[in-house]
Each structure stands twice: as structure tokens, then as C-alpha cells.
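Have a look at the structure below before the remarks.
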Ligand code: NIG
Ligand code: FE
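Numbering (our numbering), first residue to last: 17 to 405.
Dropping the structure here:
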């Protein structure tokens, strides 16, 4: 079965072997052929081979499907009051996580599924074709397993985040960390690919995070870390030390940790929806890029700091508020996100890649940044998956 996407206004492949030879791998007047879920041919529309199905892109731009590599999709309730208070001057300190824990524990599996499915639907409608989903709003052994099982119904990129906040049953953080690193990791490992810790001022310390990440790794999980959102406590350095695939937030990073990050393969995932929704300073994306760090952009969809379900909006924030060019932001939202998930099959449209793509209702991809707030996604295409994929 083959599908020809033709009459593409501007095709971004993110593959320097294609098109203009730039990192964006760009072609004008292009066509793309998908066969059995993979990109089989890319070139000038006039030279396209015949295919079983023909899709007219109406001169719209086509880009790789967005890779949202950081979400807290599974939760109940909202934190509107906290947001309103914040807009009146109350700072964010992570304390509100507990109210979402209470609401999530009280919700049935079906309620949680339906609320999360609505958010996943919004992400997909906005062009997301690969999604990471974390646990972290239950903080009991059985409850974190339940959240990961729900997450698995949306994606294989599931992340165990038992060390998101101190569970309300505990007074001593070290005692809770023992539970997370022990019985909780043992129970959750089968349901997750990744482990994560909120390592920051007022959350878990570098030592506690190192302990949780070490036992997660021993249980077969790959690692990522929340670091440098509220303060620099050396968490970015820990992410590099532990070989994390991604270190997320990175607003507060010392020169020393930046140098270590730049010399590593750890991706910095920036989440400007969080700074937007907490009215906080944005990370200095230029400083990170100029140091040679690979950047990803993601929504951080969660009820506390970033109730954002639009990657187009995140791209616009990256450009307007963090000093990225439209191409740098698009690359971060696609190939950068794929790197943050150690995925070579998504985030680009090179030959053999998954043919996950977005057809825009705009002639060029830069319209995503140029026209913020508009849903420019005419169609999100999720290529056919084999069994278990
Ligand atoms: O990435 N910082 C930790 N976790 C989330 C916020 C969680 C919450 O406030 O509910 C984040 O911003
Ligand atoms: Fe987060």
C-alpha cells in the first residue's frame, strides 16, 4: 500500500541529505511517498512515482509530526485557582502538586482515561504524533502503576515519576525516597521505559535523585530528569553524570554544568509553556545552543505549570520569548524531541523514517511562529504501525 502526498508548498524533512542540503532538508514543490508506514520516496512532485492513494496538500507546508517528549498527561481536576492567584503575584513553588494528587487518587480509571484522552486528542489535532507521558500524580505503589497502565494506552514512551513530590502520607523525604527507589520502582519498571525525578529547590535533592535514578537504571529503565526549573542546585550536572537522555527545563544552569551538558549526548528539553503559565523567566535558549547543546521543545502538559496542548504555541513561544529562529524551534519540536527520546525513526522525514507528518493550512512552516494562537494544522497523519509499535 502506497500513498503519495503531493502539491506540498514547502516540505521540511529535517534530513540534510534531502532538498536544499540544510539541516532542515527543505524542498519546494515537493511530493512524498509513504509505503507501509515509512517514507519511501521524496522529491520534485513532477517526478513522483505512481501510488495507490493520492493526497493533495493544497500547497500547504508539510513538516514531520511533532514529538512531544515531556507531558504529565494523566491527571484529574485542574488548578485554575492556583493559576489565577499566580497571575496576581503568588509565585510557583511546586506545592500545588499535592492537590492534583488528591484529585487523581479520587478519580476512577475511566474518568482518568477520558480526561487524558481529551488532552491527547488536542495534542494530536495540533500535530503531535509521538508522545511521552509521565506518572507522578498518585505517589503510592499501586497508584503509580495505575497511572503508568493508563499512560501505556496512549504511548510506549511512558515515564515513572514517583519522585515528583513528597507523598502526603510521609513527613520525611528520605523515607519516601526509599519507597520510590525500592518497592515503587520494582512495581513500576514493567510499565515504563523511562524514570524521572523532580530535582529542584523544594523538591528532591541531587543526592535523593541520584539514588532514585540509580535504582531505576538497575531495574532496566532509561533516565531523564527535571532540573533547573526553579533554581540551580546542580541537577543539570547530575543528569549528565547519570547519562540521562534528556534534562528538562534548564532555566537555571551554571557555566560548569552547561559545559558538561554540551560535551555530553544529553538533550536539553525546554518547556516554555511553564514559564508562560508561571510568569517566570524563560530559559536562555541561545546560550544553550551556542554552547553546542541539542535542544528539544515540549509542552510539559500538566495542570500546575503548563496546561498547554499545542506544540504550535510552544514553537511560537520558543521563537518570540527564547530567541530561537522559526527553523530552530521547529527542529526542536520534531528532531530534538526525537533525540530526547532516543528515537531515530521519528522527528524527520528522511527515507525509511516513519511517515508521521503534519499538513499545514499555511504555505510555509514558519507560519507556526508567525501566526500564534491559530490552529494551522490541516491534518495530522500517523503512519500505519505494525503490531506492538
Ligand atoms: O514540569 N516541575 C515539576 N513538574 C511539573 C509541574 C507539576 C505540577 O505543578 O503539577 C513541571 O512543571
Ligand atoms: Fe514536567
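Glycine residues also receive a C-beta, built at the ideal position from the N, C-alpha and C atoms.
In the three-state reduction of the DSSP assignment, residue 252 falls in the helix class, which pools H, G and I. Judged by DSSP in its simplified three-state form, residue 262 adopts strand. For residue 117 and residue 361, the gap between their C-alpha atoms comes out near 35 Å. Ligand 2 has a heavy atom closer than 7 Å to the beta-carbon of residue 86.
Shown here, residue 80 sits in a strand according to DSSP, grouped into three states. Under the 8 Å Cβ criterion, the stretch 271-287 counts as touching the stretch 297-316, having at least three qualifying pairs.
Proximity to residue 217 across 203, 209, 244 peaks at 244, based on C-alpha coordinates. Non-local C-beta neighbours of residue 268 in its own chain, meaning closer than 6 Å and more than five positions away in sequence, comprise 244, 247, 248, ordered along the chain. Leaving aside the five residues that flank residue 236 on each side, the residues in its chain whose CB is nearer than 7 Å to its CB run, in chain order, 205. Residue pairing by DSSP puts residue 21 in a beta bridge opposite 48, 71. A check of alpha carbon separations from residue 24 across 97, 253, 395, 194 identifies 395 as the nearest.
Exclusion of residue 75 from the 7 Å shell around ligand 1 follows from its C-beta lying no nearer than that to any non-hydrogen atom of the ligand.
Closer than 7 Å to some heavy atom of ligand 2: that describes the Cβ of residue 242. DSSP places residue 174 in the uninterrupted beta strand (DSSP E) bounded by 173-179. If you look at residue 167, you'll find it in the alpha helix (DSSP H) that goes 157-168. Secondary-structure assignment with DSSP links residue 257 through no beta bridge to anything. In the three-state reduction of the DSSP assignment, residue 211 falls in the strand class. With a cutoff of 8 Å on beta-carbon distance, residue 151 and residue 90 are scored as near each other.
At a Cβ-Cβ threshold of 8 Å, residue 28 and residue 56 do not count as neighbours. The stretch 88-103 makes no contact with the stretch 41-50: fewer than 3 CB pairs, one atom from each, lie closer than 8 Å. Under the three-pair Cβ rule at 8 Å, the stretch 71-81 counts as touching the stretch 356-372. About 5 Å separates the Cβ atoms of residue 266 and residue 299, confirming a contact at the 8 Å cut-off.
The three-state secondary structure of residue 90, taken from DSSP, is coil. In terms of CA proximity to residue 171, 132 leads the group 376, 48, 227, 132. When DSSP states are grouped into helix, strand and coil, residue 292 belongs to the helix group.
Between the alpha carbons of residue 169 and residue 70 lies a gap of roughly 31 Å. Judged by beta-carbon spacing, residue 228 lies within the 8 Å limit of residue 196, meaning their Cβ atoms are closer than that value. The beta carbon of residue 224 sits closer than 8 Å to the beta carbons of 179, 189, 190, 193, 213, 215 from its chain, once the five residues preceding and following it are set aside; these are given in chain order. Annotation for residue 291: 298 place their beta carbon closer than 6 Å to its own, counting only its chain and skipping 5 residues before and after. When Cβ pairs closer than 8 Å are counted between the two stretches, the stretch 379-389 is seen to touch the stretch 315-329, the count reaching three or more. Relative to ligand 1, the beta carbon of residue 288 is positioned no closer than 7 Å to any heavy atom.
Beyond the five residues adjoining it in sequence on each side, residue 61 comes within less than 8 Å, by CB distance, of 22, 23, 24, 45, 46, 47 in the same chain, given in chain order. Sixteen is the threshold: when 16 or more other Cβ atoms of the shown chains lie within 10 Å of the Cβ of residue 355, as they do, the residue is buried. In the three-state scheme derived from DSSP, where H, G and I count as helix and E and B as strand, residue 42 is classed as strand. Under the criterion of beta carbons closer than 8 Å, residue 199 and residue 161 do not qualify as touching, at roughly 11 Å. Taking non-hydrogen atoms of ligand 1 into account, the C-beta of residue 245 is found less than 7 Å away from one of them.
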